[in-house]
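In this note's numbering, the protein residues as written are 1 to 394. The block underneath contains the structure these notes are about, expressed in C-alpha cells.
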Amino acid sequence: MTTAQTQELDVQPTPLALLLLGREADPASERGVDCPGDLPSPSDPDLVARARAAKEKLGDKVFVLGHHYQRDEVIQFADVTGDSFKLARDAAARPEAEYIVFCGVHFMAESADILTSDDQKVVLPDLAAGCSMADMATAEQVAECWDVLTEAGIAEQVVPVSYMNSSADIKAFTGKHGGTICTSSNAKRALDWAFEQGEKVLFLPDQHLGRNTAVRDMGMSLEDCVVYNPHKPNGGLTAEELRGARMILWRGHCSVHGRFSLDSVNDVRARIPGVNVLVHPECKHEVVAAADYVGSTEYIIKALEAAPAGSKWAIGTELNLVRRLANRFAAEEKEIVFLDKTVCFCSTMNRIDLPHLVWALESLAEGTLVNRIEVDKETEAFAKLALERMLALP
Numbered sequence: 001m002t003t004a005q006t007q008e009l010d011v012q013p014t015p016l017a018l019l020l021l022g023r024e025a026d027p028a029s030e031r032g033v034d035c036p037g038d039l040p041s042p043s044d045p046d047l048v049a050r051a052r053a054a055k056e057k058l059g060d061k062v063f064v065l066g067h068h069y070q071r072d073e074v075i076q077f078a079d080v081t082g083d084s085f086k087l088a089r090d091a092a093a094r095p096e097a098e099y100i101v102f103c104g105v106h107f108m109a110e111s112a113d114i115l116t117s118d119d120q121k122v123v124l125p126d127l128a129a130g131c132s133m134a135d136m137a138t139a140e141q142v143a144e145c146w147d148v149l150t151e152a153g154i155a156e157q158v159v160p161v162s163y164m165n166s167s168a169d170i171k172a173f174t175g176k177h178g179g180t181i182c183t184s185s186n187a188k189r190a191l192d193w194a195f196e197q198g199e200k201v202l203f204l205p206d207q208h209l210g211r212n213t214a215v216r217d218m219g220m221s222l223e224d225c226v227v228y229n230p231h232k233p234n235g236g237l238t239a240e241e242l243r244g245a246r247m248i249l250w251r252g253h254c255s256v257h258g259r260f261s262l263d264s265v266n267d268v269r270a271r272i273p274g275v276n277v278l279v280h281p282e283c284k285h286e287v288v289a290a291a292d293y294v295g296s297t298e299y300i301i302k303a304l305e306a307a308p309a310g311s312k313w314a315i316g317t318e319l320n321l322v323r324r325l326a327n328r329f330a331a332e333e334k335e336i337v338f339l340d341k342t343v344c345f346c347s348t349m350n351r352i353d354l355p356h357l358v359w360a361l362e363s364l365a366e367g368t369l370v371n372r373i374e375v376d377k378e379t380e381a382f383a384k385l386a387l388e389r390m391l392a393l394p
C-alpha cells in the first residue's frame with residue numbers, strides 16, 4: 001500500500017509500527033537506545049574523522065571487531081572482520097588489547113567475553129543490538145523443555161547441540177548437559193559427535209540449520225525431526241513423538257534468512273537465466289533444497305572469490321554483505337544480486353551505526369568504560385566447556 005493510499009484511508013501508524021520502522025524508540029523496553037551525552041547525528045561530516053582520532057588515541061588498547069553483516073560505515077573501522085566465532089577467537093588472540101569493541105550483536109559480545117581474559121573488557125556500542133533468533137530460546141524455556149524430555153523418559157538419551165547464535169545462558173546449559181556448540185560450518189561434525197554420545201539431539205535455537213544439516217548432510221528424513229514449540233504445553237509434542245524423533249528442533253529461526261522462500265528462488269531463476277543460487281543453511285529447508293550451493297557466510301565469500309568472471313549469483317543472506325560483495329566483484333563482471341526482490345537488512349545488526357561507534361570509542365578514549373558485556377563466572381565456565389568440546393571436534 002502506498003503512502004497516498006494510506007492517507008486516503010486515514011490510517012495512522014501505531015507506536016509499534018513506528019518503532020519497527022526505526023522512527024521511534026521505547027527506552028522502557030530497549031536497552032541502550034539512549035547514550036549518556038550527545039549522540040552525534042549520522043549526517044555529521046566529522047564522524048569519520050572523530051572515529052579515527054579516538055581510535056588513534058586508544059592505539060593498541062582497543063581492538064575493533066566487525067561482523068560481516070555490519071554497515072560499511074562501521075566496517076571501515078574494524079581491525080578484523082568475520083563471523084561471530086572467528087571474531088571472538090581473534091579477540092582472545094590479542095591479550096594486549098584492553099578494550100574489545102564488538103560491532104555485532106549481544107550474543108557475539110558474550111562469546112568474546114567468555115573467550116577473552118579477565119583483564120579484557122568487551123564493549124557493545126549499542127546494547128539494543130540483540131538477535132531475534134538467540135532471544136527465541138531463554139534459559140527458563142530450555143530448562144522446562146528438559147523437564148519435558150525427562151518426563152518422556154528420554155533425557156538421558158538426548159545430547160544438546162546449540163548453534164553459536166545463542167545466548168551465554170544457552171551455551172552454559174549445553175555445557176552442563178554434556179553437549180557442544182556448533183557453527184554453520186561445522187554443524188555436521190557437531191551432530192556426528194553428538195550421535196556418538198547419545199541417540200537423540202536437542203538442537204537449539206535455529207530449527208532450519210538443524211533440519212538442513214540432519215536431512216541434507218546426514219541423510220535423515222524429515223520424519224526423523226520434530227519441532228519443540230516453547231510456547232505450547234509440552235512443546236506441542238506427545239511423549240510418543242519425542243521418543244520417535246532423532247532430532248528435536250527448537251522452534252527458532254533467523255528473521256533475515258527465514259524470509260527467503262521457494263518463490264524467491266523460482267523468481268530469480270526466471271529473471272536471470274543461468275544464475276547460481278547460493279544460500280545460507282539458516283534458510284528454510286525448501287529453499288536450501290532448491291539452491292545450487294549452500295554454506296556459511298565464510299563459504300559464501302570464498303565461493304564468490306573463486307567464481308569465474310562474468311558468472312551470475314543470487315545470494316540468500318544478509319543484505320549488507322551481499323551488497324558489499326557485489327561492489328567488490330563488479331570489476332570482474334560477476335553479477336551478484338540479493339535473492340529476494342524485497343531488501344532486508346538485519347535490523348538489530350544495523351543498530352551498530354557510526355554515531356554509536358564514535359560515542360563508544362570517544363568514551364573509552366576519555367577513560368569512561370561504557371556498555372560493557374560481562375558474563376558471570378558460573379555461566380562462563382559451563383559455556384566455555386561447551387565451546388571447548390566444539391574446538392575438540394575431529
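Glycine included, C-beta positions come from ideal geometry on N, C-alpha and C. Just so it is clear, the structure is predicted and the values come from calculations on it, not from any experiment.
Between the region 122 to 141 and the region 97 to 105, the count of Cβ pairs shorter than 8 angstroms is three or higher; the stretches touch. Between L249 and F195, the C-beta gap is not smaller than 8 angstroms, which leaves the two residues out of contact.
Counting other Cβ atoms within 10 Å of its Cβ, H231 stays below 16 and is therefore classed as exposed. Bridge pairing for R372: V123 [DSSP]. According to the DSSP assignment, I181 belongs to the beta strand (DSSP E) that extends over 180 to 182.
Beyond the five residues adjoining it in sequence on each side, A360 comes within less than 7 angstroms, by CB distance, of V101, V123, P125, V370, N371 in the same chain, given in chain order.
Ranking S311, F345, I272 by CA distance to the CA of R259 puts F345 first. Taking C-beta atoms as the reference points, T180 and A190 count as a pair closer than 8 angstroms. Scanning its chain for C-beta atoms nearer than 7 angstroms, with the 5 sequence neighbours on each side dropped, one finds around C254 the residues M133, D206, E282, in chain order. Between S184 and L209, the C-beta gap is smaller than 8 angstroms, which places the two residues in contact. Counting along the chain, V142 sits inside the alpha helix (DSSP H) bounded by residues 139 to 151.
For I315, there is no enclosing alpha helix (DSSP H); the residue is part of the beta strand (DSSP E) that begins and ends at 312 to 316. With a threshold of 16 other beta carbon atoms within 10 Å, L391 falls short and is exposed. Only residues of its own chain outside the window of five on either side were considered, and among them V159, G178 have a CB closer than 8 angstroms to the CB of Q197, listed in chain order. For V158, the secondary structure class from DSSP, reduced to helix, strand or coil, is strand. Annotated as proximal: V279 and V294, with beta-carbon spacing under 8 angstroms. In the structure shown, the three-state DSSP call for H68 is coil. Relative to the Cα of G153, the nearest Cα in the group E73, A112, E199 belongs to E199. Counting along the chain, N276 sits inside no alpha helix (DSSP H); it lies in the beta strand (DSSP E) bounded by residues 276 to 279. Residue pairing of E335 in beta bridges, as defined by DSSP: K312.
Counting C-beta atoms within 10 angstroms of its own C-beta, L393 has fewer than 16 neighbours from the protein chains shown and is therefore classed as exposed. With 16 or more neighbouring CB atoms inside 10 Å of its own CB, G175 falls in the buried class. DSSP places T81 in the strand class (E or B) of the three-state scheme. Relative to the Cα of R71, the nearest Cα in the group V322, E378, F382 belongs to V322. If you draw a straight line from the Cα of A54 to the Cα of A239, it comes to about 58 angstroms. Distances from the CA of R94 to each of D267, L65, T138 were compared; the closest alpha carbon is that of L65. DSSP lists V201, C225 as the bridge partner or partners of M247. Annotation for V101: no alpha helix (DSSP H) segment contains it, though the beta strand (DSSP E) segment containing it runs 99 to 103. The beta-carbon separation of A49 and F382, rounded to 44 angstroms, does not stay under the 8 angstroms limit for a contact. DSSP places V215 in no alpha helix (DSSP H); its state is neither H nor E. DSSP, read as helix, strand or coil, puts F260 in coil. Here DSSP, grouped into helix, strand and coil, assigns F63 to strand. Residues V80 of the same chain have their beta carbon placed closer than 6 angstroms to that of D90, with the five preceding and five following residues left out of the count. Nearest Cα to F338 within the set S264, S111, R216: S264. By the CB criterion at 8 angstroms, S261 and V277 fall outside the cutoff. The beta carbon of E298 sits closer than 8 angstroms to the beta carbons of G82, D83, K86, S185 from its chain, once the five residues preceding and following it are set aside; these are given in chain order.
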